[in-house]
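Reviewing the structure listed below.
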Amino acid sequence: MALLKNATIYVLFVLTFYPNKFVSADTNENMYANRDLILEMKKIKELETLVIFQNKRIAALEKHFTDLKWASKTDLGTIVRKQNDQIDQFKGRIHKLEIMLEVHENVSVRTNMSKSDENYINTDISLIKEACTSPQQRKFPRKRVAFFAYLSSRTPDLTAYKTLTFDTVITNVGNAYNPKAGVFIAPQSGLYVFTWTIRINRNNYHPTELVVDNKIVNSIYLNPHNTVDSSVSSTSVVNVKKSSKVLIRTSSADNNGYIFSDDYGRSSFAGWKLM
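All the letters of the sequence shown, read from the start, carry residue numbers -25 to -1, 1 to 250 under mature numbering (1 follows the signal peptide of the UniProt record, and there is no 0).
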């Protein structure tokens, strides 16, 4: 009887003790599972934040690229339109000059046309055709040429055929003007513009001339008759060959006194390549 009682107590003890052990294991597993879940949720939240940031950055970059692309298209379109307009203008001029050339080739007209007029038409056509050629098609790039200079002071008493040395240089693009000699040497063939101004006063008077390769192209004259302080100017457009010498000089006759140049008015010489 005593043995049965003890066995009953043992069974009750086992039943009482082991259930508590199972409950404790369950609790531990749940705790670890919850902690892992929290970590995973935290990682997911961080990834969501990163994705949002990256999406915003991608959108900003796409907008910047679109703006740049649109600006480039707009600028390129403007350049192309301007070039097309210039090409159309040149084509029109070529057409007119070609008609003139065809007429000039007629015998009856040719007899009335001088050799210089013939050379002018032929040169002008070739120059305009060259201007219509794209930069990529040109064998050699055309250089810019321009100069401007004036006399730093009054000249000495001048006589005939004296070259004026405009010694103060303001502009000399291409370095083709020599201020010591007063001579412009064309660095390339083309159509050039030359202009000069002469200031004279009191009883001084001089005719001056634009000379290209020892040939007189244009001339001006001023005689103030001892009454005024005045200036006279002239401009010429000339076909000039490479290495041609261009200068301003006094004429052959009717020279007297000085040519003036100071703060009240400059005597000057300028030129530039038109095409």
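Glycine residues also receive a C-beta, built at the ideal position from the N, C-alpha and C atoms.
Item, Value
"Proximity of S208 and T172 at Cβ, strictly below 8 Å", "yes"
"Pairwise C-alpha distance: R56 and N147", "32 Å"
"Burial state of K248, where buried means 16 or more other Cβ atoms lie within 10 Å", "buried"
"C-beta contact flag for I234 and I175 at 8 Å", "yes"
"Exposed unless 16 or more other CB atoms sit within 10 angstroms - verdict on L22", "exposed"
"Touch test, the stretch 143 to 157 against the stretch 120 to 131, Cβ-Cβ under 8 Å, three pairs minimum", "yes"
"Bridge-paired residues (DSSP) for R224", "T138, E184"
"Other residues of its chain near S206: CB distance less than 7 Å, five sequence neighbours each side excluded", "T172, I173, R174, G240"
"Residue of L197, F65, I54, V192 minimising C-alpha distance to Y167", "V192"
"Sequence-distant residues of its chain with Cβ nearer than 7 Å to S196 (five each side left out)", "This sequence places Tyr at residue 196; Ser is not what is there. These residues qualify, in order along the chain: P182."
"Burial state of Y152, where buried means 16 or more other Cβ atoms lie within 10 Å", "buried"
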